[in-house]
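Going letter by letter, the sequence shown gives residues 1 to 583 in UniProt numbering.
Each remark here refers to the structure printed beneath this line.
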Amino acid sequence: MSLHYTIKPIPSASTFLVDLEFDAQDEVVLRLPAWLPGSYMIRDMAAEIQSLRVTAGRENLFCQKIDKSSWRVAVGTRQRKIRVRYEVFAQDCSVRRAYLDTQRAFLMFSSLCVCPVGFEEESVKVTVIEPGKTQGWKVATALNAEKISDNGFGDYHATNYDELIDSPMELGPWQSIEFKAHGVSHRIILSGKIPPFDQKRLSDDVKRAVETVIDFFEPETHEAPFTAYTFFLNLTENLYGGLEHRASTALIASYHDLPIKNEKESSLEYAKLLELFTHEYFHAWWVKRVRPSVFIPYDLSEESYTRLLWVFEGFTSYYDALLTARSGAISKENYLKILAQTFARHLSGSAKSRQSLADSSFDAWIKYYKVRTNRSRSVTSYYDKGALIALALDAQIRKKTKGERALDDVLRLAWKQYKDVGMDYAGLDEEVMPELILDATGVDLTEEMDRWVYGCEEPDYKTLLKVFGVTLKEKAFPMARSILQAQIKGDLSLKVTQLDENGAAEKAGLCVDDELVAIDCIRVQKNNFEKLLTRYKNEKDFSIHVFRGGLLKEFLIQPEKVRQTQPQLSAGGSKAFKKWLAN
């Protein structure tokens, strides 16, 4: 048995026409994933499916929706060739779903291809039809080609459904940058708005970063777990993110972040773009292959709860910028700035005293990806705090072994165990982490993990950073935050994006998403906001006018003397710092 999907893009309607053929009998349930690996939230992708109908020859078969992402089909007692046809509307310009317009198409098969339950391990053929009225469109994907045209349209093959949905595809007039890293072919597929930029620099820097990742997991063999790798980079004005796949990754970033030709100094924005490349590439080892036991196999029909996201996303967030710095692709100064921003994001919220790192991982399905006004006090980021706890664990290991062992050894041991077991790999259980650290380093960190991961205690970061030769200092926030104790952002209009708990703005009655229009009846704009606030910092009180839900409201702010700071990191030329950035 096998599955054959035929996909025809209709760019003008942002719609894919999908045709699925397979042989079946009795009753069949068709299902679309409710979530996708790497993004831990129920996505309701079936909401974009329209006009689904099922036939066997000329006969229309009875098909009934039975839950949010499943359909039951009555086939009959004899084996028959089944044909499923439907439309998928695709206007989600992210890395998580399919997208289609007259400029480009991005095929995330998890939002395009329903799968008959029980057919998940069957081989898959997918035929992609070239759309009409498009010029210069071609195909890029990590899937194996069977029979394709010069521009890549035609037939592709996947071993099973899991490989299909783990192999996105880009259609359009994309540009490609190609290089080899330790003998493995890599390419960067650029789509969207592509301004003039230093292509050689991007290629050289990404190559250095990915070779460092390969060397991290395979310091002796320098072998990657794939024969080729593709970075899909969609360039937009201001979006940012990524999603890992087994032999590729989907990235979205700002075209402003690309390196400028003949520019000697790298911008912090470019450094963070390289960090994104490294983050998703690191995942090819750490979560696509080594992963929690509850993800083996994936059950994409409902939530798969784990308290280990801090290990897989947090550790990756620790190593992404660190390995990019070790490769020399970003400067040590930019690395420390990126790390300082991680400290600032984590320490600025009050959630760290309410939600443990383990609970944050477990509750990702209902909290992390949800936009809520009380996010800063209710959601601990398993990315940010996970990265900082990884740093703390690394420091403890190095300190207790006098620099002979590091967290690096823990991940390498987990990778070796994955390779040694092969097809029988069962994943990592929650309780295994302290044992894994002990086996790899000889250091027992059970007590620290109980306090830092399962409790809400914060490590002594200042002391631990000294292990790496790094100094943590604090700098006062800009005046606006010190007076209001709130974060205000915006260009055309200024909005409250975060409120400090029990701060002056919250006590006055301001809410997240309030639009600031006046201070003491003086119109407030981005260019005069801080100056206006400064005038009132020593006043007993002053008025602020905001729009909330289209209605004008007035509040009385009573400034408080509060010492608020921002983390800053620095490092000299100590042996500890050099060693940290060397291995």
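Beta carbons are placed, not taken as given, at the ideal position from N, Cα and C, and that holds for glycine.
Here the structure is a predicted model, which means the values were calculated and not measured.
For the pair T212 and A142, the CB atoms are not nearer than the 7 Å cut-off. Runs of beta strand (DSSP E) with 3 or more residues, each lying fully within the UniProt domain "PDZ" (466 to 550), are found at 470 to 476, 486 to 489, 494 to 499, 515 to 519 and 542 to 548, listed in chain order.
DSSP places Y369 outside both helix and strand once states are collapsed to three, so it counts as coil. Closest in C-alpha terms to V184, from the list V139, S248 and S574, comes S248.
DSSP places F22 in the strand class (E or B) of the three-state scheme. Cβ-Cβ distances below 7 Å link T565 to E474, K475, A476 and F477 in the same chain, with the five nearest sequence neighbours on each side left out; the list follows chain order.
G314 is positioned such that its CB atom lies no closer than 7 Å to that of A395. In the DSSP assignment, G241 falls within the unbroken beta strand (DSSP E) covering G241 to E244. Listed in chain order, the beta strand (DSSP E) runs fully inside the stretch 78 to 151 are 105 to 107, 123 to 128, 138 to 141 and 144 to 148, counting runs of at least 3 residues.
Take the alpha-carbon of E435 and the one of V453: they are about 15 Å apart. Per DSSP, S254 lies in no alpha helix (DSSP H) segment; the continuous beta strand (DSSP E) that holds it begins and ends at S248 to S254. Judged by their CB atoms, A250 and Y40 are not nearer to each other than the 7 Å cut-off.
Per DSSP, reduced to three states, the secondary structure at H182 is coil, with no helix or strand assignment. Cβ atoms of G442 and T380 stay farther apart than 8 Å, at about 30 Å.
The alpha carbon of S327 has as its nearest neighbour, out of K133, A582 and M449, the alpha carbon of A582.
In the displayed model, V290 falls within a strand according to three-state DSSP. L17 and R97 have their C-alpha atoms spaced approximately 15 Å apart. Minimum Cα-Cα distance from L239 among the listed residues P297, I252, Q558 and S191 corresponds to I252. Y318: member of the alpha helix (DSSP H) spanning F315 to R326, first to last residue.
Residue pairing by DSSP places M433 opposite no residue, since no beta bridge is assigned to it. Collapsing the DSSP output to three states places M169 in a strand.
Annotation for R377: S350, A351 and E501 place their beta carbon closer than 6 Å to its own, counting only its chain and skipping 5 residues before and after.
At the C-beta level, S203 and F179 come within 7 Å of one another.
Between V75 and Q25, the gap from beta carbon to beta carbon is short of 7 Å. Cα atoms of P37 and R246: separation of roughly 11 Å, rounded to the nearest angstrom.
In terms of CA proximity to D408, Y318 leads the group L336, S304, A329 and Y318.
Rounded to whole angstroms, the Cβ separation of I148 and D155 is 7 Å, and the two are in contact under 8 Å. Membership of H346 in the alpha helix (DSSP H) is indicated by the continuous run K332 to S348. In this structure, E130 is the residue among E130, K462 and A145 with its C-alpha nearest to the C-alpha of K138.
K8 carries a strand assignment under DSSP once its states are collapsed to helix, strand and coil. The C-beta separation of V88 from L112 comes to about 5 Å, placing the pair in contact by the 8 Å criterion. Check the Cα spacing between E560 and each of L552, K575, N538 and G550: the tightest is with N538. Between P33 and S110, the C-beta spacing is below 7 Å. For K416, the closest C-alpha among the options L100, F217 and P173 is that of F217. Only buried fits I519, as 16 or more other CB atoms lie within 10 angstroms of its CB. Per the C-alpha coordinates, the member of G132, M108 and G118 positioned closest to V126 is M108.
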